[in-house]
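J.: Please read through the structure below; I'll follow up with questions.
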């Protein structure tokens, strides 16, 4: 736990993966822990399937909702291409990227007008941009742990494993329990723990 | 459970989105009526209020357009109750007539006008700065720097409005409305006022701007309110001045711009070295504080989101208060910031560094090179309509109908809604290919380059008539609009088309919801903002009574039926209206989930598929093309079993479950 420094996070993904909820849970947990927090959302016009990224800033000195370029401490990429899109702009050389390796191709790729980069290329590119990349097939893990819909909470578990979040993990867990849809609490908590454990092994 | 914004807990500290914070402020002030038309990034103000209206005992509605919403809220305000109206930047253009005139009578109950601008045009057709409108109307304009201020300003606005007897304007921006921050709650005013009407309240014929003695006398009254407003802006803590003794440079920053500016000052190590005036009321400005700042420094940096609204006023004030100051912002003289696109932390920090000629933390050359290399790998993710969206069917049918219409260059006039994506293009396309470059059989391309023009709500149907009366003859003239847009601004234009004898084809894409802004109900939905049932308006009945000569309703999921209806419309020698009606897919999926209806996704029979890619051209995001096998595929997780791709597959390779 690091309480002295401001912390910048971005959750990047594709519409429908739950990046907005994940980012609100992190910021909400920070507020519950007595810290100041901001969340800035950027989503495309499409209701589903568009690129979505959510900036989270925690710390006593934060004012605006946007992370400055090259100042991103933790990237939580629910989708690899979106992780690269955000990572190349925002990742700090001292930052850490938590990457789901399961691709969701864009329509441009589907109709043959663009090429989806190799996952290994995405990982090595992110490694050039930051200090550490934790890459896991988080979609696969979430399905194994019970539901693909818990991908976002599983990856929050991975983020918690970095021990960079400036508040106790119990507060984060309590916030998750309160904010995920009723009836899915246990499933989401299980996913969180699975993600936490998987990331710990790689960190 | 009570919604978090309705909790009666003084001192509660919670994370709220800017729009929720504005709603909370209005709740604390005890509003009795709220009206709005949805528009990103403003919609959540009303969505939040509508959710809690019943519990808290006030009235909330989604109106048919912003002008109606403005009038509804104005009506409440002149009867003495607290009311709020909310809209996006472009929505304010629709209300200008009433807005500019209401200020001549003023209001009796507190009246808050909330407008969310969209610098960067994330969700809008322009980047207009509506602070100008508050100045134009001569009323107080608030501009919050964060979510706490958004709540506090919205709350105090009602009290001030009653004191000034004028509406108060709150200008938000995307990065405030759609960002969240910690907010501490105040108490909730519980008093409900009885609506009263006093025709001569404080002024003769108060609520009739034509009433005696004259309209000009009411304009004189408007100016008489100015000292009260000025007194407030000089004393409020929303405008804060920090003079650093000996500092030669001052920063004047407004709203969210002040948040970026404060971070830049710290990041550049300028804490305690520059004076800072944070503005929360861009109109009118706290002239005394500005005078104090100007007189204590030599140079001033202006930071604000949008147009140089504060800067223009500061420059003018500087001429009389402190001539000779160097002032830099977005205006041409000594410009340090672009007068377009939105501010970012980097843009603001770089501008301040440039102005002061100090080193801005720069990224190394090798890192920049690595970034440029990596950027090339990042494939685009173009915005699309949803899998199974009925608009995909309408656009497919329209494109085939147009090709068969015999014209050389048709014009499809677009409008505002999800279907505007029919003009976004697929961004990876370097240049839209002309049809002749494709094989004759499959040259429809995607639906994402269907629309030829697009400006504003209701604009397409009007444009089409001008194109006709200009004697455009090289192809069919078509306009498209959605159901909510139809009620918002299309009906007068249809009457105009009929009465003035235009020959145009108007497509109404009716999916029963105002979908793009997050699914608000409208007169085709059968439900009000507060969840009451209401009769469904049938667009075909309306356009028939408006005099349209040919009116057809078609199912966009039936591609042949839709295509034939549109072809008939194009051939018709007058005003034809084709309504393609099918429930929004997302609503269909919600209903299916509730009723536990099983959706059997479609699949491609790989033996029958020849890789012709015609299904790809439907533009459905559930359909992909596998490079290796050169066959189409369907994502079973997103397929909604709409059947459209199966209908257009020439080889009958697509079927439910792919059982063939």
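Protein chains in written order, with the working numbering: chain A, 39 to 241; chain B, 90 to 749.
Heads up, the beta-carbon is just placed ideally off N, CA and C, and yes, glycines get one too.
Note that the structure is predicted; figures quoted are calculated from it, not measured.
What is the DSSP secondary structure of residue 579/B, counted as helix, strand or coil?
T.: helix
J.: Going by C-alpha to C-alpha distance, which of 67/A, 90/A, 102/A sits closest to residue 120/A?
T.: 90/A
J.: Which chain B residues sit within Cβ distance under 7 angstroms of residue 126/A?
T.: 460, 463, 464, 467
J.: Tell me, please, whether the CB atom of residue 480/B is closer than 7 angstroms to any CB atom in chain A?
T.: No, residue 480/B does not count as interfacial toward chain A.
J.: What residues in its chain sit with their C-beta under 6 angstroms from that of residue 529/B, if we drop five residues either side in the sequence?
T.: Per-residue confidence for residue 529/B stands at a pLDDT of 35, beneath the threshold of 50, marking its modelled position as unreliable; the derived number appears in the next sentence. Here the set comprises nothing.
J.: Using DSSP with H/G/I as helix, E/B as strand and the rest coil, what is residue 46/A?
T.: strand
J.: For the alpha helix (DSSP H) that contains residue 186/B, what are its first and last residues?
T.: Residue 186/B: member of the alpha helix (DSSP H) spanning 178-194, first to last residue.
J.: Roughly how many angstroms separate the alpha carbons of residue 189/A and residue 46/A, rounded to a whole number?
T.: 21 angstroms
J.: Could you check where the alpha helix (DSSP H) with residue 58/A kicks off and where it finishes?
T.: Counting along the chain, the alpha helix (DSSP H) containing residue 58/A begins and ends at 57-70.
J.: Near residue 365/B, what residues of its chain come up, given a Cβ to Cβ distance below 6 angstroms and the 5 sequence neighbours on each side ignored?
T.: 331, 340
J.: Relative to chain A, which residues along the segment 416-436 of chain B have a C-beta separation below 7 angstroms, given in chain order?
T.: 433, 434, 435
J.: Excluding the 5 residues preceding and the 5 following residue 376/B in the sequence, name in chain order all residues of the same chain whose CB lies nearer than 8 angstroms to its CB.
T.: Sequence-distant Cβ neighbours of residue 376/B in its own chain, meaning closer than 8 angstroms and more than five residues away, are 319, 323, 406, 410.
J.: Could you work out which residue in 623/B, 149/B, 730/B, 156/B is closest to residue 647/B when comparing CA atoms only?
T.: 730/B
J.: At a Cβ threshold of 7 angstroms, is residue 238/A touching chain B?
T.: No, its Cβ sits nowhere closer than 7 angstroms to a Cβ of chain B.
J.: Can you tell me whether DSSP reads residue 218/B as helix, strand or coil?
T.: coil
J.: Classify residue 42/B as helix, strand or coil using the three-state DSSP reduction.
T.: Since the first and last residues shown for chain B are 90 and 749, residue 42/B lies out of range.
J.: Can you check DSSP and say which residues form a bridge with residue 415/B?
T.: 388/B
J.: Taking DSSP's pairing of strands, which residues face residue 745/B in a bridge?
T.: 691/B
J.: Rounded C-beta distance between residue 635/B and residue 587/B? I'm assuming under 8 angstroms.
T.: 6 angstroms
J.: Which same chain residues end up closer than 8 angstroms to residue 129/A when comparing Cβ atoms and leaving out the 5 residues on each side of it in sequence?
T.: 108, 110, 113, 135, 164, 167, 168
J.: Report, in whole angstroms, the separation of the C-beta atoms of residue 118/B and residue 278/B, which I expect to be a contact under 8 angstroms.
T.: 6 angstroms
J.: Could you give the uninterrupted runs of the alpha helix (DSSP H) lying entirely in the segment 98-144 of chain A, keeping only those of 4 residues or more?
T.: Entirely contained in the segment 98-144 of chain A, the alpha helix (DSSP H) runs reaching 4 residues are, in chain order, 118-128.
J.: Along the chain, where does the alpha helix (DSSP H) containing residue 648/B start, and where does it finish?
T.: 648-660 is the extent of the alpha helix (DSSP H) around residue 648/B.
J.: Could you check what DSSP says for residue 236/B in three-state terms: helix, strand or coil?
T.: helix
J.: Looking at residue 538/B and residue 514/B, is the spacing between their C-beta atoms short of 7 angstroms?
T.: yes
J.: If you draw a straight line from the C-alpha of residue 205/B to the C-alpha of residue 131/B, how long is it?
T.: Their Cα atoms are separated by approximately 5 angstroms.
J.: Give me whichever residues DSSP pairs with residue 331/B in a beta bridge.
T.: 365/B
J.: Assess, as a yes-or-no matter, whether the segment 538-550 of chain B is touched by the segment 471-482 of chain B under the definition of 3 or more beta carbon pairs within less than 8 angstroms.
T.: no
J.: In the DSSP assignment, the alpha helix (DSSP H) including residue 112/B goes from what residue to what residue?
T.: 107-117
J.: Apart from the five residues just before and just after residue 543/B, which ones in its own chain have a Cβ nearer than 8 angstroms to its Cβ?
T.: 214, 502, 503, 504, 505, 509, 512, 549
J.: Check the Cβ of residue 271/B against every Cβ in chain A and list those closer than 9 angstroms, keeping chain order.
T.: 65, 68, 69, 73, 74, 75, 76
J.: What separation, rounded to the nearest whole angstrom, lies between the Cα atoms of residue 484/B and residue 144/B?
T.: 43 angstroms
J.: Would the beta-carbon of residue 612/B fall within 7 angstroms of that of residue 626/B?
T.: yes
J.: State the Cα-Cα distance for the pair residue 458/B and residue 133/A, rounded to the nearest angstrom.
T.: Those two C-alpha atoms are separated by around 19 angstroms.
J.: For the segment 355-371 of chain B, list every residue whose C-beta sits within 8 angstroms of some C-beta in chain A, in sequence order.
T.: 355, 356
J.: Closer than 9 angstroms by beta-carbon distance: list the chain A residues that pair up with residue 220/B, in chain order.
T.: Here the premise fails: no neighbours, minimum Cβ distance about 19 angstroms.
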